[in-house]
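When you read off a place in the sequence shown, starting at 1, and then add 1331, the result is the number in the working numbering.
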Amino acid sequence: MRKPSARWRFTRRALHLSAPYLLGTAVVLVTLGAAQLAVTQRAKVDLADYTTGLLAHAEDVARASVDGLNRVLRIGAEPCGPRDLAELRLIAFHSRYIKDVGRVISGRLLCTAMWGRLPTPVKLGPPHRVVRGYSLWRSVPAPGDDRIKVDLASYGSAIVTTAPTAFDRVSMPLGSIGALVISRDGKHHFQTFGDAFDLTLGKDGLAAPLAGHISTRACSNEFDICVVSQAQAGSLWDQPSWTIASILALALVGGGGLGALLKVSQGRRRALHRMLARAIRHGDIDLVYQPLRRLSDRRMVGVEALARWRTLAGVDVPPDTFVPMAEEQGLGTALAKLVIVKSLEEMGPRLRRGDGFYASINLSAQDILDSELRHFLSEQTEAFGVSPADVVLEFTERSTASQQDLADALGQLDQAGFRVYLDDFGTGYSNFAYLADLPLAGLKMDRRFTRAMGTLSPASYAVEAICAMAKALSLPLVAEGVETEMQALAMHRLVPEAVGQGWLLGKPCKADSLPDDMLGLTSNGSPAPA
């Protein structure tokens, strides 16, 4: 065997000696990189928090203006008469974000609460923006004093002046943050905060941020308002010296960077919690509806309401994430109420036809047990003119509630006229005796059993038992997750009157995109003959 050369022996010895230092350097570099990432992510979270808060305040100001305009239009007195002026002053006095209100006819300002009836009507110039009938002026001379610049909004014969202090409650951005309150197309600027130089709203968000900067935007679902923000990304070396020293110390003992990453992750989750709470509070949870079709003729007999959440930054958060998050924050009931109201409002015209078409709403077992929520259900169906019989409530059997408490609550819902279905049936521990004691109106078979039909999976053998149990209890059966024609035909053979739900029978969509007819679908997706 050839003896290693002196050069090879020297190289190997050098590697052995330097390995600990190389490893230590690698740990330091990785930790510093992780710490820099944490600083950048923290800056992004801070920027997103500031942007979301500023948008919420801008919405409050816009909402106050719209409310003020509507109140002016409802006065019902002779424009600019004594009673009209008295009501205008009252409206201005009680509004936090409105400085003045008045009357405008044919583009001329006739009177305001502050200036009274003007000796000569003031002709307003062309508005800087018109959206949905609302006219907006930015920084124009006040009617009584050209030295004063004001923002105006008008609708019909009503006009309001935004208070110059409307945004005083918004804290000035920290550090290098710059922000604009802007129209959705970026052509109208409402307010500017901090260093907002070169901030613009591009087609897909902000234009490319300046070097070393981060940017974000958030847009209102209610108004033609967006907030665009930009800030320096932040540098680890800009942090306090003791912070840098601590990070280096952690790097020397290894694993210190993981704590920084974990903190960032926790910070992002806290920010998501705050955004979800705001979305629920402002009704920014959307609903889509998935058709429920009778398998015998593929006629649509109902829909299931499904909650969807898109953050103001345009990120879609799956229900499996935000629903448990809402429950963790104690907002589960508020979310349930929002879904109830929106589904009754959006599907109300269809439900009021009285042809047996129903809307299915998901609730937790805790919601079912909540007497206040049960009362809320009855109130809302009455308010929207919807029969409780056309509302199906779904809940899962994974619950720690006692059977007697659950049976009592279900009994009260049954007496009120609602139907309750047990969702995800087959995944829990319900037996025949348990189900027989509950006043249920139907069962929904979990999608994993539907997918197993026609296969040799152990789950496929449970399908017949589930169908037999539903038949013995005289309960309608809904099969979830019907995605193939084979699954639909197999379920129809087992339970001829079964209802199916799945992409084969219809994908979730907005209420106004649902088919309006009751025609069924053939196996190729075309309408079946009536």
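C-beta atoms are modelled at their ideal positions from N, C-alpha and C, and glycine is treated no differently.
Quick one: Cα of residue i to Cα of residue j, how far?
i	j	result
Asp1686	Met1631	12 Å
Leu1400	Ala1489	6 Å
Val1595	Asp1745	In this prediction, Val1595 has a pLDDT of 46, which is less than 50 and means its spatial position is unreliable; nothing more can be read from the coordinates.
Gly1588	Gly1509	Residue placement at Gly1588 is flagged as unreliable, the pLDDT there being 45, under the threshold of 50; a coordinate-derived value is accordingly withheld.
Phe1707	Glu1553	25 Å
Trp1568	Ala1497	Any reading at Trp1568 is ruled out, since the residue's pLDDT is 46, under 50, leaving its predicted position unreliable.
Val1435	Asp1398	17 Å
Leu1845	Gln1743	32 Å
Ala1484	Pro1472	14 Å
Ala1801	Thr1382	52 Å
Arg1414	Thr1492	20 Å
Pro1680	Lys1841	14 Å
Arg1515	Gln1711	34 Å
Leu1467	Pro1458	5 Å
Arg1684	Leu1771	25 Å
Trp1834	Trp1640	21 Å
Cys1411	Lys1518	34 Å
Pro1450	Cys1442	9 Å
Leu1825	Ala1796	10 Å
Gly1773	Asp1647	32 Å
Gly1757	Asp1651	20 Å
Gly1663	Ala1657	5 Å
Met1606	Leu1669	16 Å
Pro1452	Leu1419	17 Å
Ala1793	Phe1780	7 Å
Ile1513	Leu1682	40 Å
Ile1545	Ser1560	8 Å
Ala1542	Leu1704	Summary for Ala1542: the model assigns pLDDT 46, below 50, so the residue's position carries little reliability; its value from the coordinates is reported in the next sentence. If I take the Cα positions, the gap works out to 52 Å.
Pro1839	Val1392	35 Å
Determine whether the beta carbon atoms of residue i and residue j lie at a separation below 7 Å.
i	j	result
Ala1636	Tyr1620	yes
Phe1726	Ile1699	yes
Gly1633	Phe1688	yes
Leu1404	Gly1475	no
Ser1426	Ala1389	no
Leu1804	Ala1829	no
Ala1738	Leu1769	yes
Leu1378	Val1558	no
Gly1433	Leu1455	no
Would you mind working out which of the options sits nearest residue i, comparing C-alpha positions?
i	options	result
Gly1614	Leu1666, Gly1633, Arg1782	Leu1666
Asp1628	Leu1820, Asp1431, Ser1546	Leu1820
Lys1430	Asp1415, Ile1479, Ala1783	Ile1479
Leu1511	Lys1518, Phe1524, Asp1499	Phe1524
Tyr1752	Leu1421, Leu1806, Val1559	Leu1806
Glu1816	Met1784, Ala1790, Ala1793	Met1784
Gly1464	Leu1774, Glu1814, Asp1555, Asp1754	Asp1555
Asp1499	Tyr1428, Ser1546, Val1462	Tyr1428
Gly1645	Val1722, Arg1548, Ala1714, Arg1624	Arg1548
Leu1675	Gly1831, Ile1545, Pro1719, Val1461	Pro1719
His1604	Arg1448, Val1654, Glu1677	Val1654
How would you write the range of the alpha helix (DSSP H) that residue i sits in, first residue to last?
i	result
Leu1744	1734-1746
Glu1816	1816-1825
Ser1546	Note, Ser1546: premise wrong, no alpha helix (DSSP H); beta strand (DSSP E) at 1544-1550.
Pro1413	1413-1425
Glu1409	Neither: Glu1409 is in no alpha helix (DSSP H) and is coded neither H nor E.
Arg1705	1702-1714
In the DSSP assignment, find the beta strand (DSSP E) that holds residue i and state where it starts and stops.
i	result
Arg1463	Note, Arg1463: premise wrong, no beta strand (DSSP E); not H, not E.
Thr1523	1520-1525
Ile1429	1429-1436
Ala1810	1808-1810
Gly1447	1447-1454
Asp1755	1750-1756
Leu1441	1439-1443
Leu1724	1722-1727
Would the C-beta of residue i count as close to the ligand GTP, meaning under 6 Å from any of its heavy atoms?
i	result
Val1435	No copy of the ligand GTP appears in this structure; indeed no ligand is present at all.
Using a Cβ cut-off of 7 Å (strictly closer), state whether residue i contacts chain D.
i	result
Gly1687	The chain inventory of the structure shown lacks chain D, comprising one protein chain alone.
Checklist entry - Mind pulling the beta strand (DSSP E) runs of 3 or more residues that sit fully within the stretch 1476-1516? => result Along the length of the stretch 1476-1516, whole beta strand (DSSP E) runs at least 3 residues long occupy 1476-1486, 1489-1493, 1509-1513, reported in chain order.
Item to check | Every unbroken alpha helix (DSSP H) inside the stretch 1608-1695 [4 residues or more] | outcome: 1650-1659, 1663-1682
Item to check | beta strand (DSSP E) runs wholly inside the stretch 1769-1797, at least 3 long, in chain order | outcome: DSSP runs (the beta strand (DSSP E)) wholly in the stretch 1769-1797: 1773-1776.
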